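Quick mapping for you: the protein sequence lines, in order, are chains R and D. Just add 7 to wherever you are in the first sequence, counting from 1, and you've got my numbering. Just add 264 to wherever you are in the second sequence, counting from 1, and you've got my numbering. From the three backbone atoms N, C-alpha and C, an ideal C-beta is built for every residue, glycine too. From a predicted model like this one, the values you see are computed outputs, not experimental measurements.
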Amino acid sequence: MASLNAIVPMLCVAAAGIAAMIAEAFTSPGERMPIAPLGVIGLVGAGLAVAALWGHNASSFGLVAADNFGLFVTGILVVVGLLSIAISGPTIEREGLPRGEYYALMLFAIAGMILMATATDLLVIFLALEVLSIGVYVLTGIRRDSPVSTEAAFKYFLLGAFASAFFLYGIAFTYGLTGSTRLDRIGSVIAAQALTPAPMHWLALGLLLAGFAFKVSAVPFHMWTPDAYEGAPSAVTGFMSTGVKAAAFAAFVRVFLSAFEPLRASWSAALWPIAAATMIVGTVVGVAQTNVKRMLAYSSIAHGGYLLLALISGNDVGKGAVLFYLLTYALTNLGAFGVIVLLEDHDRPNDRVADYAGLWNDHPALAALMTIFLLSLGGFPPMAGFIAKWYVFSAAVKAGYVWLAIIGVLTSVVSVFFYLRIVVMMYMTPGGESISRFPSVPKIAGAALVLSALAIFYLGILPTRFIDLAAASISSIF
Amino acid sequence: MMAFPILTSLVALPIAGALVLLFVPADEHNDGTVRAIALIVSLLVFAETLLLWYHFNAASPDFQFIERHNWIPAFGISYFVGVDGISLLLVVLTGFLTPIALLGSWESVHRKTKAFAMFILLLEAAMIGVFISLDLFLFYVFWDAMLIPMYFLIGIWGYDRRIYAAVKFLLYTMAGSVLMLLAILGLAYLHSTATGSYSFDLLQLYDLSIAPKTQVWFFLAFALAFAIKVPLFPFHTWLPDAHVEAPTAGSVILAGVLLKMGTYGLVRFAFPLFPAAAQLFAPILATLAVVGIIYGALVAMVQPDMKKLVAYSSVSHLGFVVLGISAMNMQGVQGAVYQMLNHGVSTGGLFLIVGMLSDRRHTRLISEYGGLKKVTPHLVAAFLIITLSSIGLPGLNGFVGEFLILLGAFRWNPKMAAFAATGVILSATYMLWMFQRVNYGPVTNEKNAKLVDLRPREWFVIVPIIAMAILMGVLPNLFLKPIEPSVRRMLNQVQQGAASPRIEARR
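Take a look at the structure:
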């Protein structure tokens with residue numbers, strides 16, 4: 008059936024998730040089932056489907072559209088999924104996590120993310136949001152015996168539930184205004200109403216905005232982020248910091264730049280202070296952190312701010328920048344969390360900044376990888392992070408948001424300060440205890456990190472292909 | 265014109281060398297191999313820079329050895345490199361100083377030799393890249409990329425407060441340059457409103473007409489980045505820290521090449537791109553430069569630490585360079601470019617000498633020394649020649665540059681020149697006073713009595729520097745000739761641009 012084409016990538020991943028559950032259910036205790044490869048197969052299938060659907064603008068039921076924009080984000084999510092699975096192995100092993108549930112939840116969450124990135128109906132977006140959120144809530148608290156993990160999951164769930172409610176309420180108001188939940192119809196109705204916006208418009212916009220702002224951890228809806236990031240197993244943190252962000256931003260861009268495009272002047276005025284505050288709070292509070300995961304949580308908030316900057320710019324450059332930035336950020340941040348995962352040990356998490364002292368002597372390769380990821384997050388050439396930031400700032404300058412761009416570049420200097428604290432620890436501070444305090448590196452995870460580092464250099468030195476792809480993706484829908 | 269992409273190979277060769285080193289096992293036994301590979305690569309680069317000079321047409325003001333390839337066509341970004349007389353000699357200087365810096369730290373770096381050599385080579389590639397870029401985006405990439413190896417060089421192999429110095433160096437420089445990035449983006453955007461397409465191509469942007477008001481903002485953003493790099497008073501506070509804490513090789517390259525990027529940026533980008541604003545701000549820049557000349561000299565005078573003294577002397581000497589540029593006449597700018605080269609040679613030499621002394625005694629305090637003339641006559645002789653070259657004794661390199669700058673400054677603004685001239689006297693005072701305290705008088709400190717004179721390796725380090733100082737003092741025309749046409753072209757650009765405000769871009 009032709010009309011199912013658009014959801015094939017999601018179906019591949021969902022099927023892998025179901026297979027993972029079944030495999031787990033039929034495994035006798037003690038027996039090891041290769042569940043991770045099932046996930047890899049599903050994700051590779053989704054990736055192939057993306058390649059096959061590219062440029063065809065497939066649409067299913069009028070609710071899901073596999074346009075290039077959605078497919079680009081789906082591609083990012085496939086990469087996120089593959090890297091997350093690669094770095095999850097060591098965590099599962101060490102923490103004794105239930106393998107089947109873990110992978111099944113992760114795969115279902117990815118399926119939700121893919122749906123969210125391709126949905127063209129507010130209700131489907133909400134559905135996808137819930138699918139991905141529930142998966143991630145449970146994954147956050149999957150270490151049931153750890154009070155920190157449980158607390159993090161509970162906070163995340165409680166605040167997330169509020170945000171979902173806001174979002175749903177926003178959908179209700181939008182429906183009341185326009186009589187539809189489909190983005191294209193909302194767009195055309197709002198375009199007609201845009202000359203005389205009613206208070207209802209602000210209400211609908213504000214509620215939707217709050218829901219999205221929560222998911223992309225924009226200030227002041229960021230409170231859950233540091234706790235959830237710190238409490239979740241590191242591999243999960245890497246997964247949700249990149250996957251959730253990519254999916255949420257995809258939907259954010261789609262809803263605000265297509266359906267609510269006619270009201271852009273108003274919502275961009277509201278987003279301006281949010282973006283500025285997100286960049287500033289993320290970097291300034293990040294400086295004070297002593298835990299690497301919390302530090303990266305604030306860094307992730309700040310990066311959300313840069314993405315908001317691209318969104319506010321709203322021009323073609325900005326839309327392309329969102330896609331390129333999400334791809335770069337996924338590779339870089341998952342890489343950094345991968346290193347964190349590999350440094351964790353049975354009895355100690357090794358996640359304070361001070362724990363990284365002397366890493367260069369113990370694990371020169373891991374130290375070099377971490378440096379590449381951190382410098383890329385800080386936006387140094389010739390790493391991908393530089394091109395991504397440059398892309399965002401060109402969008403902002405072009406759209407005339409010079410002050411936001413100035414805030415952006417200055418906060419990125421501040422962020423370099425805290426990224427460098429880890430580099431200083433690794434390279435310039437003598438190590439603490441015995442050499443054997445860090446475990447050895449598993450091959451798959453190590454290879455995944457090396458591949459991400461190479462990809463970061465590739466995107467930083469020869470970005471043309473992906474910049475063109477991103478530009479081609481946005482022209483398909485807006 | 266040669267078909268061989270010589271400029272690209274100048275950047276690629278050090279990177280290739282660093283990649284080769286990556287695959288040498290990190291082992292104490294391999295240190296010799298590592299040093300040899302790094303030295304050979306850097307010597308090859310130097311030979312190639314000389315070849316570049318040999319094939320360079322000194323009579324032409326144009327950019328030569330041009331290579332241009334599309335890089336990010338959607339934004340009009342290209343890989344566009346080329347050299348004119350100004351950048352040619354700075355590239356040669358980079359090629360000249362890198363092997364010397366490597367050789368100069370041959371024995372003082374024993375830890376992690378491989379990483380050290382890799383960072384030096386990567387730094388060399390980035391530095392050459394900065395000087396040859398004719399695309400503003402490419403320029404910024406090299407400009408920023410250069411910070412990382414330097415940061416590691418200071419932070420890993422430096423002295424006690426190295427971490428503080430390394431972080432301060434990086435954040436200071438970066439804070440200045442990010443605003444320049446926005447200005448570069450703004451320029452490309454203006455180009456697209458004027459012509460319909462983005463461009464980061466320097467030659468195209470030279471022709472862009474920018475409203476004087478916009479020019480002011482852009483100029484300030486560029487000038488801030490460059491003023492921090494130079495460093496111009498009052499943005500100089502990172503410099504003494506970075507210099508004092510950096511290992512000898514780091515100090516040599518920092519003083520010899522990195523600081524020149526600031527002044528080079530003024531000559532290449534800030535002035536010709538924004539002539540009206542440059543005209544407006546030249547007196548302010550010159551005033552800051554003169555304040556820096558005198559302030560740097562006075563602070564240098566009271567330093568108990570030799571390295572810090574040389575560091576502050578850099579603030580003073582680079583003040584001269586900025587003064588010459590601000591004068592915006594032939595003598596001034598030509599002298600400024602010449603002084604950039606001089607300062608690289610003589611201050612590089614001073615840091616090497618200080619490094620040799622501190623390798624022997626593990627202290628850089630002037631009061632710890634005294635009477636070295638009797639103990640290490642050869643070392644002191646070299647010290648003397650370099651000191652005199654730094655002061656500007658006629659017959660040595662420093663004289664030519666300072667003389668031209670003061671001449672140019674006098675024609676532009678006699679008062680400025682008069683104040684700046686006191687800097688010449690002050691520099692003689694602090695340098696000779698230090699020299700006297702370190703080398704003359706009785707040997708007061710027991711530990712100095714048995715110091716070793718120049719070792720064979722150190723001869724190889726210091727003789728090229730001295731030879732260069734003499735060559736540049738005796739045959740200045742050899743160097744001034746290729747500079748002249750390029751400086752003339754740049755002055756024409758600025759004067760025409762400032763005199764007839766070009767048609768305003770639609771904004």
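Note down, in chain order, each residue of its chain lying with its Cβ closer than 6 angstroms to the Cβ of residue i, except the 5 sequence neighbours on either side.
| i | result |
| --- | --- |
| R:Met247 | Val143 |
| R:Tyr498 | This structure cannot settle anything about residue 498 of chain R, because the visible part of chain R is limited to 8 through 485. |
| R:Val226 | Ala284, Thr285 and Val288 |
| R:Leu210 | Phe180 |
| R:Ala395 | Phe331, Tyr332 and Thr335 |
| D:Ala762 | Pro539, Ala540 and Gln543 |
Can you name the residues of chain R whose CB is closer than 8 angstroms to the CB of residue i?
| i | result |
| --- | --- |
| D:Ala434 | For clarity, residue 434 of chain D is Leu in the given sequence; the question names Ala instead. Simply Val423 and Leu427. |
| D:Gly450 | Val404 and Val409 |
| D:Trp502 | Those do not exist, as D:Trp502 stays about 14 angstroms from chain R at its closest Cβ, beyond 8 angstroms. |
| D:Phe416 | Tyr434 |
| D:Val405 | Pro388, Pro389 and Phe393 |
| D:Ala439 | Leu417 and Val420 |
Using a C-beta to C-beta distance shorter than 7 angstroms, which residues of chain D count as neighbours of residue i?
| i | result |
| --- | --- |
| R:Ala317 | Within 7 angstroms Cβ-Cβ: nothing; R:Ala317 doesn't reach chain D, min ~13 angstroms. |
| R:Phe473 | Result: empty, since nearest Cβ-Cβ is about 10 angstroms, beyond 7 angstroms. |
Give me the Cα-Cα distance between residue i and residue j, rounded to the nearest whole angstrom.
| i | j | result |
| --- | --- | --- |
| D:Met736 | D:Lys745 | 12 angstroms |
| R:Asp191 | R:Leu278 | 23 angstroms |
| D:Ile392 | D:Gly520 | 13 angstroms |
| D:Gln700 | D:Tyr415 | 34 angstroms |
| D:Ala409 | R:Phe393 | 10 angstroms |
| R:Gly345 | R:Gly415 | 27 angstroms |
| R:Ala452 | D:Ser580 | 53 angstroms |
| D:Val563 | D:Gly634 | 22 angstroms |
| D:Ile384 | D:Leu523 | 16 angstroms |
| R:Leu146 | R:Ile117 | 12 angstroms |
| R:Lys450 | R:Met377 | 17 angstroms |
| D:Asp399 | D:Trp317 | 22 angstroms |
| R:Ala32 | R:Gly46 | 16 angstroms |
| R:Leu216 | R:Leu349 | 37 angstroms |
Determine the chain D residues that contact residue i at a beta-carbon separation under 8 angstroms, and present them in chain order.
| i | result |
| --- | --- |
| R:Met435 | Gly419, Ile420, Arg426, Ile427 and Ala430 |
| R:Phe387 | Asp408, Ala409, Leu411 and Ile412 |
| R:Phe400 | Leu445, Leu446 and Leu449 |
With respect to 7 angstroms, is the separation between the Cβ of residue i and the closest non-hydrogen atom of the ligand GTP below this value?
| i | result |
| --- | --- |
| D:Met414 | Looking at this structure, you won't find the ligand GTP or any other ligand, since it has none at all. |
Leaving out the 5 sequence neighbours to the left and right, which residues in its chain are closer than 8 angstroms to residue i when beta-carbon positions are compared?
| i | result |
| --- | --- |
| R:Arg151 | Thr157 |
| D:Val758 | Phe535, Pro536, Pro539, Ala542, Gln543 and Met592 |
| D:Ser372 | Pro511, Thr512, Gly619 and Asp623 |
Do residue i and residue j have their C-beta atoms within less than 8 angstroms of each other?
| i | j | result |
| --- | --- | --- |
| R:Ala111 | R:Met17 | no |
| R:Ile347 | R:Ser275 | no |
| R:Ala73 | R:Leu60 | yes |
| R:Ala402 | R:Ala317 | yes |
| D:Ala439 | R:Val420 | yes |
| D:Gly687 | D:Ile557 | yes |
| R:Gly119 | R:Val138 | yes |
Does the CB of residue i have a neighbour CB from chain B at under 8 angstroms?
| i | result |
| --- | --- |
| D:Ala338 | Looking for chain B here will not work: the only protein chains present are R and D. |
Run down chain R in chain order and give the residues with a C-beta less than 7 angstroms from the C-beta of residue i.
| i | result |
| --- | --- |
| D:Met382 | The contacting residues do not exist; D:Met382 stays about 11 angstroms from chain R at best. |
For residue i, which residues from the same chain have a beta carbon less than 7 angstroms from its beta carbon, with the 5 sequence-adjacent residues on both sides left out?
| i | result |
| --- | --- |
| D:Leu445 | Tyr404 |
Kindly confirm or deny that the stretch 689-701 of chain D and the stretch 646-657 of chain D touch, where touching means at least three C-beta pairs closer than 8 angstroms. yes
Cβ contact (3+ pairs, closer than 8 angstroms) linking the stretch 563-582 of chain D and the stretch 473-492 of chain D: no
Counting pairs of beta carbons, one from the stretch 403-419 of chain R and one from the stretch 370-378 of chain R, are three or more of them closer than 8 angstroms? no
Answer yes if the stretch 316-327 of chain R comes into contact with the stretch 462-470 of chain R, meaning at least three C-beta pairs across the two stretches below 8 angstroms, and no otherwise. no
Quick test of the definition: if touching needs 3 or more C-beta pairs under 8 angstroms, does the stretch 169-179 of chain R touch the stretch 245-259 of chain R? no
Whether or not the stretch 744-762 of chain D and the stretch 345-357 of chain D are in contact is what I'm after, with contact meaning three or more pairs of Cβ atoms, one per stretch, closer than 8 angstroms; do they touch? yes
Check whether the stretch 264-273 of chain R and the stretch 375-385 of chain R touch, using three or more Cβ-Cβ pairs below 8 angstroms as the test. no
Would you be able to state if there are at least three C-beta pairs under 8 angstroms between the stretch 297-304 of chain R and the stretch 43-61 of chain R? no
Quick one: any contact between the stretch 217-231 of chain R and the stretch 96-108 of chain R, if contact means 3 or more CB pairs under 8 angstroms? no
Segment contact flag, the stretch 457-476 of chain D with the stretch 417-426 of chain D, C-beta cutoff 8 angstroms, min 3 pairs: no
Is the stretch 186-200 of chain R close to the stretch 155-172 of chain R, with three or more CB pairs under 8 angstroms? no
Cβ contact (3+ pairs, closer than 8 angstroms) linking the stretch 589-606 of chain D and the stretch 663-670 of chain D: They touch, by the three-pair rule.
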